[in-house]
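J.: Sending over a structure as C-alpha cells; questions will come in a sec.
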Amino acid sequence: MRALIRFGKRDRLRFISHLDLQRFFQRAVNRTGLPVAWSQGFNPHPVMSFGSALALGWTSEYEVIDIKLSAPMGRRRTEDAVRAALPEDLPVLEARMVDDKHPAPMALVRMSDYRITLGGADAQRVYDQVPAFLERERVMAVKKTKSGEKEIDIRPLALALEKTDGGLYARLMLTEQNTLKPDLLVKALADMAGVGVPETRIHRLMLLGADAAGDIRPLMEL
Amino acid sequence: MTLSDRIEKLFMSVQKPVRYMGGEFNAVMKDPEDVAVRYAFLFPDTYEVGMSHLGMKILYHAINARDDAWCERVFSPWVDMADLMRQNGIPLFTLESRTPVREFDLLGVTLQYEMSFTNILEALDLAGIPLRREDRVDGPFVICGGPCAFNPEPLAPFVDLIALGDGEVETGQTIDMYRKWKASGLPREAYLRMCAGIPGIYVPSLYDVSYNDDGTVRAVTPKPGSGAPEVVMKAMVPKLDEAVYPDKLIVPYGEIVHNRIMLEIFRGCTRGCRFCQAGMIYRPVRERSMDHLMAMAEKLVAATGYDEISLMSLSSGDYSCLPELARAMVEKFAARRVRIALPSQRIDNVLTDTLKETQKVKKTALTLAPEAGTQRLRDVINKGVTEADLIRSVTDAFDQGWSAVKLYFMLGLPTETDEDVLGIADLAAKVRRCYFSIPKERRAPGLRITVSASVFVPKNDTPFQWAPQLDYDSVVRRQRLLKQALNQIKGVDFKYHAPDVSYIEAVFARGDRRLGAALERAWRLGCRFDGWSDQFRYDLWLKAFEECGLDPDFYANRPRSEDEVFPWDHLDCGVTKQYLLSEWHKAQRAECTRDCRKGCTGCGMKRYEGACV
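What follows is the structure, encoded as C-alpha cells:
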C-alpha cells in the first residue's frame, strides 16, 4: 500500500533545495511512526518519491510525495501522522491511499499550473504582453540545458496564460521532453516588452496528468 | 518592506540560504508579548558547525523551558551573506523571529575556539552593537561561556559577563538577575555588579590588571568597592540526571556537520592527559544513569526521526557500564534502523563485543588517538596507552571486518625529539602489518590508514600551560621529516596543516587583556572565520600585532617561569594551579599519573560542593 500526500511549501521554506527536502523527508517519515517500507540493499532507506521537483525560491500548494507502507493504514491516520511530523510551513493538504500497482506520480505528471507575480516598475509592461504572446504562433526563447543553450519555441508549451488580479495564471507543460518553466516564460514576455526581467515570485497551484481517456485532471485524482 | 522580506531578497544571491532561513522542525516559536526576556544565542561560526554543537542545544532548551524567556539562535553569516547584509543595511538577525539582535535583552555567545574570536566582533558590528563595552548605552548585555571562557582576557574589552563552567543553572540565574535589574530601574552598570555575585559569573570590567616590567601580569584584582570576588569559582552541576536535557532537537533541512542525536553519557574526564584542556576544565566526572539515557534516547528518536545516536563524552569507553548501555541501545533501536555510534574511542578501551554490536547496524571508520609516537612521549603527556593496547585494538578491528583506521597525533609536544616524530611512522607501519596478519579471506578489502598530525597548542588550565609552543620553523621541519618517513609506507595518507593557525591560536589561548587591541585591529583589517583555511589571513594577523606593538612570540613561544602570574589565575576551573604544576614536573620526568577513578589524585575538584562523592 502507498500513501500519496499533497503538501504545501510556504514562503518561509521556499529556499530549501529539492535535495535537502528529500533528506528532510527521510527523517520526517521516521517521526510519523507509520509502518514505512524500506528499500533493500547496502544502504536501506524509506521508499518514497516526489511528484515533481520544485525550484529553489518557489512556493507551492501542490507538492506530492508518495510513501510506500509495509502494512495497511487508514487514510485519516496516515494524514494526521504525516501532518504531525511536518513543520507548519509544510502543511499537509490532502492524502490518498493507493495500491502498489498505482503508477508513480512522477510518471503521471503532464503539466503544472502556476501563479506568477511580478514586482517593480516594469511589471505592468510585462503583464501587458500576454495578449500578444497568445496571438503569436511561435515564441522563441533560449533554454539552458545541461549540454548548453538551446533555442526552442515555447508557445506550444504554454497551454493557458491569463492576467488575473494576483498576477499571471499559467498552465505550462511539464514532461521529460517538453517543459516550460515559468521563469523562462517571464523572460520571454520581458523580452517582448523590451524590458529587463522583473522581480518574480512563482507559486505552484496544481500538478496535472491525463487519465485513461486522455482527459486532463489533477494529479491526486488520477 | 519588512526586515524578513529584505532578508529573503538576499537569499537568491548567497550560498546555502538554508543557513539563514529558520523554520526548522522543533525550532521554538513564542509570542514576544508573552515573554519578559529575549535571549539571542550566538554561535560564532556557520550554521552547519553551530547546529552540531551539543552545548547550544542544551542551553536553547533550558532557556526555552522557561515561560518568561525566549531563546533564539544566531550564527555567523558566511562572508558572502555578511557582505550583502552590510551593503543592504540589514542588521544581524535571529533565525526564529528574524528580529535584529540589537533589540534583544541578552546576547549569549559560546566560546568554543580561539579562532572564532574575530567572528564575535564581526557579529557585534553586523548587529549594530558598539564593539567595546564602554561605548554601549543600550542593547543586549553580552555574556560569553564555553571552554575558552576560562581565559577570556583577550575578549575582556568587548563583553559584559563571562560564564564559567556548566551553563544549565547559571544561564537561568543571569536571566533572573536581568529581570530584577530591569525592575529596579538602576543604570546599566548595576546589572554587571549584581551578576558578580552569581556562582560562576566573572565580570571583567570589575577587575584591574597590572603588569611587570617584563610584560608579564603582576596581578588581577577586583576594583575596590566592586564587591567582585578575588577568585571566581566555576559553576558546576553535581548530578546530570537532574539537570535539564532537551527532549526535542531542532532538525535542520540542509546537511550539517553532525546531523544526529547527541546523547551526553557523562561529563568530565578522569584520564588526566596533560595536553587536554577539556580533561581539566570539565571535571569532575558525572555519569548519567543508564535508565535515564535509555529514556532520553527513546524520546529523542521519536521527536526527531534521526537514524543515528551518538554517545557523547570526552572518553566514552570510560562509561562505567558501556557494554551494557551499547547492547541495550542496539537491541532497542536496531529494528527501527537507528545506528549507535561511539565517538572518541580510546585504544585501550575499545570493547570487542561493543564493536560487534554497533557493527550490526552499520560500519564506521575506526578512529584512534595515540597522540604521540613513542611510549616515552605518551608518558610525558600522560596518555595512559601502550603500543600493545593499540596493536590489540587494531588487530581486533581488522579481524572483525574493519579496513579503515584513522590515527591522530600531535607534533611539537613538550620534550618531543626527532625520535618521537619518527615513532609515528613506525606505529603506522605496525598498524599496516596488523592488517596483513589477518588471513586474506577474513579481512575486508581496501586498507586505508590515515595519519593526522596537528600542531600542539599549549592551553591555559593544563599542566602544559608553562610550556612554549614549538617555533614555526621547527614545526615545519618535523612535519617534513614525518612526511618523508610515511612516504616509505604504502597505503598511508598523511594529513597536516601549516602551523600558522595553531600559532595564532596559541597566542590567544594564553593571552592577556592587552591582546583585545590586536583582536580588534585584525578584525578591522578583514580577519574573520580564522578557523577556515580559505579565509585565514596570517599576513593580516601579523600586521595587526605589529600595529598594536604586541609581540605574538611573547605569548606563544615563551617558556613561562613557575612563579609567573597568569592572566587567568583569578578564574578557578576546578583544578588547582598547584596540581597543574606538580603534573608539569611529572611530565618532565615522563612520570604517569593514574586515572583518578582508581584513587583521588588531589586535583582540587573536591573543593566544590557535591563533586567526587
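Residue numbers (the numbering used here), protein chains in the order written: chain A, 792 to 1013; chain B, 1291 to 1903.
Glycine included, each C-beta is placed from N, C-alpha and C at the ideal position.
Would you decide whether B/Asp1763 is buried or exposed? Buried here means 16 or more other CB atoms lie within 10 Å of its CB.
T.: Here residue 1763 of chain B refers to the residue found at position 473 when the second sequence is read from its first residue. Exposed.
J.: Return the bridge partner residues of A/Pro837 from the DSSP annotation.
T.: Position 46 of the first sequence holds residue 837 of chain A. Per DSSP, A/Trp829.
J.: To which residues does DSSP link A/His994 through a beta bridge?
T.: The residue you call residue 994 of chain A lines up with position 203 of the first sequence. According to DSSP, which records beta bridges pairwise, A/His994 is partnered with A/Thr850, A/Arg906.
J.: To be precise: take each residue of the segment 1302-1316 of chain B, compare its Cβ to all Cβ atoms of chain A, and keep it if any distance is under 8 Å. Which residues remain?
T.: Per Cβ criterion, the list reads Met1302, Pro1307, Val1308, Met1311, Gly1312, Gly1313, Glu1314, Phe1315.
J.: Which full runs of the alpha helix (DSSP H) of 4+ residues lie inside the segment 1330-1362 of chain B, going along the chain?
T.: For the segment 1330-1362 of chain B, whole alpha helix (DSSP H) runs of length 4 or above, ordered along the chain, are 1337-1340, 1344-1354.
J.: Pick out whichever of B/Gly1379, B/Asn1777, B/Glu1661 has its Cα sitting closest to the Cα of B/Cys1563.
T.: Indexing the second sequence from 1 puts residue 1563 of chain B at position 273. Comparing Cα-Cα distances from B/Cys1563 to each of B/Gly1379, B/Asn1777, B/Glu1661, the minimum goes to B/Glu1661.
J.: Which one or two residues does DSSP pair with B/Gly1260 in a beta bridge?
T.: Lying outside 1291 to 1903, the shown extent of chain B, residue 1260 of chain B is not represented and no answer is given.
J.: Using the beta-carbon count (16 or more within 10 Å), is B/Lys1888 buried or exposed?
T.: Here residue 1888 of chain B is taken as the residue at index 598 of the second sequence, counted from 1. It is exposed - the Cβ of B/Lys1888 has fewer than 16 other Cβ atoms within 10 Å.
J.: What does DSSP give as the partner residues of A/Glu953 in its beta bridges?
T.: The sequence position of residue 953 of chain A within the first sequence is 162, counting from 1. Bridge partners of A/Glu953: A/Tyr960.
J.: Only counting the same chain, and skipping five residues up and downstream in sequence, which positions put a Cβ closer than 8 Å to that of A/Asp919?
T.: Counting from 1 along the first sequence, the entry for residue 919 of chain A is found at position 128. Correct list, in chain order: Ala984.
J.: Helix, strand or coil for A/Ser861, going by three-state DSSP, please let me know.
T.: Looking up residue 861 of chain A in the first sequence gives position 70. Three-state result, A/Ser861: coil.
J.: Residue range of the beta strand (DSSP E) that B/Pro1916 falls in?
T.: Lying before the first or after the last residue shown, residue 1916 of chain B is absent from chain B, which here runs from 1291 to 1903.
J.: Beta-carbon within less than 7 Å of B/Lys1652's beta-carbon, same chain only, minus the 5 sequence neighbours each way: which residues are those?
T.: Indexing the second sequence from 1 puts residue 1652 of chain B at position 362. Any answer about B/Lys1652 is weak, because its pLDDT of 48 lies below 50 and its placement is not dependable; what the coordinates show is given next. These residues qualify, in order along the chain: Arg1629.
J.: B/Tyr1828 to B/Pro1857, Cα distance in whole Å?
T.: The residue labelled residue 1828 of chain B in the question sits at position 538 within the second sequence. The residue labelled residue 1857 of chain B in the question sits at position 567 within the second sequence. If I take the Cα positions, the gap works out to 25 Å.
J.: Is it buried or exposed for B/Phe1440, if we count other Cβ within 10 angstroms and need 16 for buried?
T.: By one-based count along the second sequence, residue 1440 of chain B stands at place 150. It is buried - the Cβ of B/Phe1440 has at least 16 other Cβ atoms within 10 Å.
J.: Listing by chain order, which chain B residues have their CB less than 7 Å from the CB of A/Asp913?
T.: For the purposes of this step, residue 913 of chain A is identified with residue 122 of the first sequence, where counting begins at 1. Under the 7 Å cutoff, chain B gives no residues; its nearest Cβ is about 17 Å from A/Asp913.
J.: For the candidate residues B/Gly1462, B/Ser1605, B/Ser1500, B/Gly1595, whose alpha-carbon lies nearest to that of B/Gly1569?
T.: In the second sequence, the residue the question calls residue 1569 of chain B occupies position 279. The shortest Cα separation from B/Gly1569 among B/Gly1462, B/Ser1605, B/Ser1500, B/Gly1595 belongs to B/Ser1605.
J.: Touch check for the segment 859-871 of chain A and the segment 885-898 of chain A: three-plus C-beta pairs under 8 Å?
T.: Segments in contact, yes.
J.: Which partner residues does B/Ala1694 have in the DSSP bridge list?
T.: As a working note, residue 1694 of chain B is residue 404 in the second sequence. Partner(s): B/Arg1738.
J.: Does any C-beta atom of chain A lie closer than 7 Å to the C-beta of B/Leu1595?
T.: Against the second sequence, residue 1595 of chain B aligns to sequence position 305. Looking at the sequence provided, one finds Gly at residue 1595 of chain B rather than Leu. So, interface residue.
J.: With 7 Å set as the bound, which would you pick, yes or no: does the beta-carbon of A/Pro989 sit closer than that to a beta-carbon of chain B?
T.: Stepping through the first sequence from its first residue, residue 989 of chain A is reached at position 198. No, because no Cβ of chain B sits closer than 7 Å to the Cβ of A/Pro989.
J.: B/Val1318 touches chain A at which residues, Cβ-Cβ below 7 Å?
T.: Here residue 1318 of chain B refers to the residue found at position 28 of the second sequence. Those do not exist, as B/Val1318 stays about 12 Å from chain A at its closest Cβ, beyond 7 Å.
J.: What does B/Arg1627 reach in chain A if we use C-beta pairs closer than 8 Å?
T.: Residue 1627 of chain B sits at position 337 when you count from the first residue of the second sequence. By Cβ distance, chain A contributes Trp829, Pro835.
J.: With a threshold of 7 Å between beta carbons, is A/Ala984 in contact with chain B?
T.: Within the first sequence, numbered from 1, the residue matching residue 984 of chain A stands at position 193. Chain B, which has no Cβ nearer than 7 Å to the Cβ of A/Ala984, makes this no.
J.: Who are the near neighbours of B/Leu1615 in its chain, counting only those whose CB is closer than 6 Å to its CB and skipping five residues on each side?
T.: Start at 1 with the first residue of the second sequence, and residue 1615 of chain B comes out as number 325. Cβ neighbours of B/Leu1615 beyond the five flanking positions: Met1580.
J.: Leaving out five residues before and five after A/Arg992 in sequence, what residues of the same chain have Cβ atoms less than 7 Å from its Cβ?
T.: Mapped onto the first sequence, residue 992 of chain A falls at position 201. Cβ within range, chain order: Thr908.
J.: Select from A/Ser843, A/Asn834, A/Ala794 the residue whose C-alpha is nearest the C-alpha of A/Gly1000.
T.: Stepping through the first sequence from its first residue, residue 1000 of chain A is reached at position 209. Here the closest residue by C-alpha is A/Ser843.
J.: Could you check the C-alpha separation between A/Leu950 and B/Tyr1310 for me, to the nearest Å?
T.: Translated into the one-based positions of the first sequence, residue 950 of chain A becomes position 159. Translated into the one-based positions of the second sequence, residue 1310 of chain B becomes position 20. Each residue's alpha carbon lies about 37 Å from the other.
J.: Can you name the residues of chain B whose CB is closer than 7 Å to the CB of A/Phe815?
T.: Here residue 815 of chain A is taken as the residue at index 24 of the first sequence, counted from 1. Simply Tyr1543.
J.: Would DSSP call A/Phe798 helix, strand or coil?
T.: To locate residue 798 of chain A, count along the first sequence from 1; it is residue 7. In this structure, A/Phe798 counts as strand in the three-state DSSP scheme.
J.: Start and end of the beta strand (DSSP E) containing B/Ile1599?
T.: As a working note, residue 1599 of chain B is residue 309 in the second sequence. First-last of the beta strand (DSSP E) with B/Ile1599: 1598-1602.
J.: In this structure, how does DSSP classify B/Glu1854 when only helix, strand and coil are distinguished?
T.: In the second sequence, counting from the first residue as 1, residue 1854 of chain B sits at position 564. Coil at B/Glu1854, not helix or strand.
J.: Could you tell me the alpha carbon to alpha carbon distance between B/Pro1519 and B/Tyr1337, rounded to whole angstroms?
T.: For the purposes of this step, residue 1519 of chain B is taken as the residue at position 229 of the second sequence. For the purposes of this step, residue 1337 of chain B is taken as the residue at position 47 of the second sequence. Rounded to whole angstroms, B/Pro1519 to B/Tyr1337 spans 37 Å at the Cα level.
J.: Is the beta carbon of B/Leu1832 sitting closer than 7 Å to the one on B/Leu1815?
T.: As a first step, residue 1832 of chain B must be located in the second sequence, where it is residue number 542. As a first step, residue 1815 of chain B must be located in the second sequence, where it is residue number 525. In this structure, B/Leu1815 does not lie closer than 7 Å to B/Leu1832 by Cβ.
J.: Which two residues bound the contiguous beta strand (DSSP E) that contains B/Phe1383?
T.: Working through the second sequence from its first residue, we reach residue 1383 of chain B at position 93. That residue, B/Phe1383, is in no beta strand (DSSP E); it is neither H nor E in DSSP.
J.: Can you list, in chain order, the stretches of the alpha helix (DSSP H) that have 4 or more residues and sit fully within the segment 1536-1575 of chain B?
T.: For the segment 1536-1575 of chain B, whole alpha helix (DSSP H) runs of length 4 or above, ordered along the chain, are 1568-1571.
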